[in-house]
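Everything below concerns the one structure shown next.
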Amino acid sequence: MTESDPLGRALTDAARREPLGPAATGAAPPDRAALPDVSARAASAGLLDVAYAELDSAVGRLLLAATPRGLVRVAYVDFSGEDAVLAALAEKVSPRVLAAPRRLDEPRRELEEYLAGGRRRFELALDWRLVRGFGRRVLEATAQVPYGSVSTYKQVAREAGNERASRAAGNALGANPLPIVVPCHRILHSTGGLGGYTGGLERKRMLLQIESGQATLGA
């Protein structure tokens, strides 16, 4: 980053406008929170394509990422690794990835409400670009499974257009880039077994318990 690019100029200007320190003026140190917000300047300069933030939640630390289209990633940090998630976003979406917590205020709020048992439906725009083809159709079918209900790998495979592709449906669910919001935890084996889950089976149980009392097996 140099003074020749917009963000570089913005940050250089901010530094030039920063008051002198206490050693030079005898005044109290400047309020760092009052300095220009880097992520806001990056966005206004067209240098922010993916904003991300973290959430310490009842099911562990989550990394959330969004683009102008909508929420693009929810990741369990202990399973996926923060660096790996950010590297994948930089490769598959855009290298212009920046921590911008305020841009994730609404997803964080809705997730906190859901995990506290106070929300049954997410009202978030989603960016589906990380999934394609059959996998996307599986996840779109999964997104229609209501709160308090469960379905099966076979059923979502059928709704995605190939009833015999239960294994492929399971693979798509295992690679779900938007767990919790796209509720792959509601998909079970036809036998009633939990199957797998991207965040581990204990988390799958926890999410189902949040919704317990209404769960019924889908057709």
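Mapping to this note's numbering: the sequence shown position 179 is 166, numbers consecutive. Virtual Cβ for every residue (Gly too), placed ideally from N, Cα, C.
Burial is judged here by how many other beta carbons sit within 10 angstroms of a residue's own beta carbon; proline 82 has fewer than 16 and is exposed.
Only residues of its own chain outside the window of five on either side were considered, and among them Ile174, Leu175, His176, Ser177, Gly205 have a CB closer than 7 Å to the CB of threonine 139, listed in chain order. Glutamate 97 has its alpha-carbon roughly 20 Å from the corresponding atom of serine 136. Note that the C-beta distance between valine 72 and leucine 42 is not below 8 Å. Tyrosine 184 and alanine 147 have their C-alpha atoms spaced approximately 19 Å apart. Taking a 10 Å sphere around the C-beta of proline 164, we find 16 or more other C-beta atoms and assign the residue as buried.
Secondary structure at alanine 87: coil, using DSSP grouped into helix, strand and coil. Fully enclosed beta strand (DSSP E) runs of no fewer than 3 residues occupy 47 to 54, 57 to 63, 84 to 86 of the region 42 to 109, in order along the chain. Scanning Ala38, Val46, Tyr63 for the CA closest to the CA of glycine 57 turns up Ala38. DSSP places serine 153 inside the alpha helix (DSSP H), whose first and last residues are 153 to 161.
Here leucine 117 carries a coil assignment [DSSP, helix/strand/coil].
A residue is called buried once 16 or more other Cβ atoms fall within 10 Å of its Cβ, and glutamate 198 is buried on that count. Excluding sequence positions up to five before and after glycine 104, its CB lies within less than 8 Å of the CB of Ile197, all in the same chain and listed in chain order. DSSP places alanine 147 in the coil class of the three-state scheme, outside both helix and strand.
Residues Thr54, Arg56, Gly57, Val59 of the same chain have their beta carbon placed closer than 6 Å to that of aspartate 114, with the five preceding and five following residues left out of the count.
Per DSSP, glutamine 131 lies in no alpha helix (DSSP H) segment and is marked neither H nor E.
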